[in-house]
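**Q** Heads up, this note's numbering is the position in the sequence shown plus 10, with the first residue counted as 1. Ideal Cβ positions, reconstructed from N, Cα and C, are used throughout, including at glycine.
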Amino acid sequence: AKVVFLVGNLAKPDLGLSIDLHKELVESLTCIIHNAWKVDFNIPLSSYEPLIRSVRNLVDLALASPFSSPTRIVFTSSVAVVQGWKEGCPVPEIFVTDPSVAIGSGYGESKWIAERILEEAGKNTTLAPVVVRVGQLCGSTKHGSW
C-alpha cells in the first residue's frame, strides 16, 4: 500500500486535477480518507457549500472505480452532527436522519449533510462509506502532541 498526497480542489469537477491524473486516480484508488473541513462554529451553513460539494465529488470518484467494489470512503465527521441529541440517551452509531439534532451551527449542519450524502450513496449504490464522528483531531506538526 502506498499513500500519495496531491494538491487539488475537491469542490471542482475532476477535483481540479488534470484529466490524466484524475484518470490515474480512478484506476488505482482503493481508499479515500476525507479528513479536511473548515472548523468554524460562527459561520453559516452556506459557507460550507464547497465542502459539501466535495463529498459528492468524492462519491463520484469512488463510484468511477473499475474494480468490482468501489473505492472505500472514510469520512471524518464530528460529534457536532448530534449536538442536539436528547441528553441521557446514547447516540446510536448509525446515520442520524433527523436534521434537528444538527441545528445550531453551520459546521454541524454541514457535517450532517455530508453524512446524508454518504448514506444515500451507500443505499443506492455499491458504495459502503465509513463515517467516524470525532470530537477533536489535533496535534503539533513538529511533535505530534497538543
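Let's see if you can read the secondary structure: which residues bound the alpha helix (DSSP H) around residue 69?
**A** Element bounds for residue 69: 59-73.
**Q** Could you name each continuous alpha helix (DSSP H) segment of 4 residues or more that falls completely within the stretch 80-155, going from the start of the chain to the end?
**A** Counting only runs of 4 or more, we get 116-134.
**Q** Hey, quick one: how far does the beta strand (DSSP E) through residue 43 stretch, first residue to last?
**A** From DSSP, the beta strand (DSSP E) with residue 43 extends over 41-44.
**Q** Would a C-beta distance cut-off of 8 Å place residue 80 and residue 137 closer than the cut-off?
**A** Going by C-beta atoms, residue 80 is nearer than 8 Å to residue 137.
**Q** Using only the alpha-carbon positions, how far apart do residue 92 and residue 73 sit?
**A** Rounded to whole angstroms, residue 92 to residue 73 spans 28 Å at the Cα level.
**Q** Among 22, 84, 135, 33, which one has its Cα closest to the Cα of residue 59?
**A** Minimum Cα distance to residue 59 is reached at 22.
**Q** Taking 8 Å as the threshold (C-beta atoms), are residue 144 and residue 84 in contact?
**A** Taking 8 Å as the Cβ cut-off, residue 84 and residue 144 do not qualify as a contacting pair.
**Q** Thinking residue 42 and residue 61 are a contact (beta carbons under 8 Å), I'd like their distance in whole angstroms, please.
**A** Contact doesn't hold; Cβ gap of about 15 Å is too wide.
**Q** What does the alpha-carbon distance come out to for the pair residue 75 and residue 98?
**A** The alpha-carbon atoms of residue 75 and residue 98 are separated by roughly 42 Å.
**Q** Rounding to the nearest angstrom, what Cα-Cα distance links residue 128 and residue 142 in this structure?
**A** In a straight line, the C-alpha of residue 128 is about 12 Å away from that of residue 142.
**Q** If you follow the alpha helix (DSSP H) that residue 29 is in, where does it begin and where does it stop?
**A** Segment 29-38, the alpha helix (DSSP H) holding residue 29.
**Q** Starting from the C-beta of residue 64, find all residues in its chain whose C-beta is less than 7 Å away, skip the five residues before and the five after it, and write them out in chain order.
**A** Answer for residue 64: 20, 21, listed in chain order.
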